[in-house]
Amino acid sequence: MRASLLVTVTAAVAAAQLPTATLNDAIYIGTTTRVASATAVVDKFLGIPYAATPRRFRAAQPRARGSERVNATVQPPACIQQSSSSGFESEDCLFLNVFAPRRGCGTAKGNKAVMLWFYGGALSTGSIRSVDGSSLAANQDVILVACNYRLGVFGFPGNVSGLPDDELNPGFRDQKMALRWIHENIASFGGDPAKVTIFGESAGAVSVDSHLMSELRDPPFRAAIMQSGGLHTFNRIALGVGVSVTGLGTGNKAAEPPLLTLARYMNCSADTAVACLQAKPLAELKSAVLGLNLLFPPVDDGGQTSVADTDSARRAGRTARVPVLIGSTFKEGAIFPAKALQAKSLEQWAQAIYPSNEADASAVVHAYAVGSSAETQTADDAVRLLHSDFQFACTTTYDSNMLAAIGIPTWRYMFNASLPSGPASHGSEVRLRLRASQSSAANQALSAKIQAAWARFAKDPASGPGWSTYEPTSSAENKAIQMIGTLVPYRLD
Ligand SMILES: *[C@@H]1O[C@H](CO)[C@@H](O)[C@H](O)[C@H]1NC(C)=O
Ligand SMILES: *[C@@H]1O[C@H](CO)[C@@H](O)[C@H](O)[C@H]1NC(C)=O
Ligand SMILES: *[C@@H]1O[C@H](CO)[C@@H](O)[C@H](O)[C@H]1NC(C)=O
Ligand SMILES: *[C@@H]1O[C@H](CO)[C@@H](O)[C@H](O)[C@H]1NC(C)=O
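Here you go:
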């Protein structure tokens, strides 16, 4: 009797200490966690649904009200991956994870800065399962939210009849629902809905750019970070040059939305493609997409969720006017397979990039000639550097120039750390920012530096991450770029 009473009391105390968030749809009970490098305790909520179970290809809808108690303690399924991976995945995948510094007693009003992370993966793969925001939350006193969003044909069915014209990119609509969820609910976690920064890497940065181009009035965020990507980058993959490197989209046809190529294969007629594919079993749909190797790029829906021509839109002022932090890594191309890159010579790459401009193509060959610099000692190095610059660094320069030219406060970085795992390739900075434990003391210091810069920007976007703004003057001297990794300010020439 006495013993069981004691057990009950202990359980009640433990339950009382578990973080709880009472939202309109349910009461969520999380867990707490700590990281070695910080004293702050982090409240961790995993698998909170931010929308109702979505209908295939259609926009996410809000959840019904409710008051059920739900344990938010296990990782949710990923959205359906366009890969043969057999991990835990589902079409019912609109979940997010929250990592929030535990609030002290009596601080009822939430006022912390909030960072919403969109993962990368060519809008075809990726999930929040690998994103651990504990370190950022514990060390920097910010709230990290990471949301799943639909991928491939499920997230980007495109402009086909049968879909309303504001539902052509449901993957981006998912992300907008997550932003809406933050606005309605983040105060319950100690966050301030007026202090939201969106950030992402690769396709995550493409996503950030699409929100910049579609949230023109009262954007549901006040700052944006684009790491190694923007709509420009995706266009280059979709337009073909990237196809040879990433291997994605070899089945796409020039004049046909990929969903219609898929529909034909599945014996669906073009005018009822959406309804017909909605009725197909998931496994058949998934294996057909993989077999055909289709890439589903975001489409221009007139700025409702995305645009094709970001330059014209920005020039015309059709963009969210919030501070932007933008950058890339020095050797993005290092992660792409040698076989794919070496299938073409430097000359052939230059031709592919400038198919109708002989002079520019030969200038490129000259600039990246083998042996012409420390970074182009071999043919492989030369092609990798050209690819990095073409696909990422140049588009970053382009976007930085454009942002700064229209008066958007812009900060730029180049990540060039030499890591134990190899050079600063595509995505290599992500683990430094988001992982709790690093492989060496030097990386721990680098990680802390990056986390601090990102959080500083999120807390006070107008003041920037800690270095000078990017200036679009013609003088290379004024293009301040923070070189991250070598830990010295770097100027582009
Ligand atoms: C939630 O977790 C607690 C233990 O922490 C357990 O007692 C309870 O049954 C769980 N509730 C549900 C609905 O799984
Ligand atoms: C499409 O129809 C053809 C001819 O009836 C059939 O052989 C094929 O298996 C069908 N394909 C699919 C994906 O159902
Ligand atoms: C979709 O394509 C049709 C033509 O097939 C076009 O009339 C329509 O404007 C496009 N919708 C959007 C939102 O671009
Ligand atoms: C990046 O680091 C490598 C290796 O340390 C160096 O050779 C290269 O010049 C650096 N890149 C830039 C742009 O400074």
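Count the sequence shown with mature numbering (1 follows the signal peptide of the UniProt record, and there is no 0) and you get residues -16 to -1, 1 to 477, in order.
Just so you know, even glycine gets a beta-carbon here, dropped at the ideal spot from N, CA and C.
All values reported here derive from a predicted model rather than from experimental measurement.
DSSP state of S68, grouped into three classes? coil
Beta-ladder partner(s) of S312, from DSSP: M398
Taking 8 Å as the limit between beta carbons, can you name the residues of its chain near V472, skipping five residues before and five after? With a pLDDT of 34 at V472, under the threshold of 50, the modelled position of this residue cannot be trusted; read the value that follows with caution. So the list is empty, once near-sequence residues are dropped.
Rounded to the nearest angstrom, what separates P177 and I166 at their Cα positions? 6 Å
Rounding to the nearest angstrom, what Cα-Cα distance links P456 and I465 in this structure? 12 Å
According to DSSP, is I468 part of a helix, a strand, or is it coil? If DSSP states are grouped into helix, strand and coil, I468 belongs with the strands.
Could you tell me the alpha carbon to alpha carbon distance between G231 and A377, rounded to whole angstroms? 21 Å
Less than 7 Å between C-beta atoms, sequence neighbours within five positions excluded: which residues of the same chain meet that for D365? E359
With a Cβ-Cβ cutoff of 8 Å, do N132 and A62 count as a contact? yes
Measure the C-alpha to C-alpha separation of A408 and E316 and round it to an integer number of angstroms. 7 Å
Comparing alpha-carbon positions, which option in V26, A44 and R53 lies nearest T6? R53
Using the C-alpha atoms, what's the distance from D202 back to R49? 26 Å
Contacts around G355, its chain only, beta-carbon distance under 7 Å, and the 5 residues preceding and following it disregarded: Q361
Between the Cα of F173 and the Cα atoms of M99, S312 and V291, which residue gives the shortest distance? M99
When you compare each of L200, F205 and I209 to G188 by their alpha carbons, which one comes out closest? I209
Exposed or buried, which one is G90 when buried takes at least 16 other CB atoms within 10 Å? Since pLDDT at G90 reaches only 49, below the 50 mark, its modelled position is unreliable, and the value read off the structure follows with that caveat. The residue is exposed, with fewer than 16 neighbouring Cβ atoms inside 10 Å.
Identify the continuous beta strand (DSSP E) that holds G110 and give its terminal residues. Unbroken run through G110: none, as it is neither H nor E.
Which of helix, strand or coil DSSP assigns to C63: DSSP places C63 in coil when its eight states are reduced to three.
What does the alpha-carbon distance come out to for the pair T17 and A84? About 10 Å.
Taking the alpha carbon of S357 as the reference point, which residue from T289, L369 and K179 has its own alpha carbon closest? L369
Is N427 near ligand 5, with its Cβ less than 7 Å from a heavy atom? This structure simply doesn't include ligand 5; it includes ligand 1, ligand 2, ligand 3 and ligand 4 instead.
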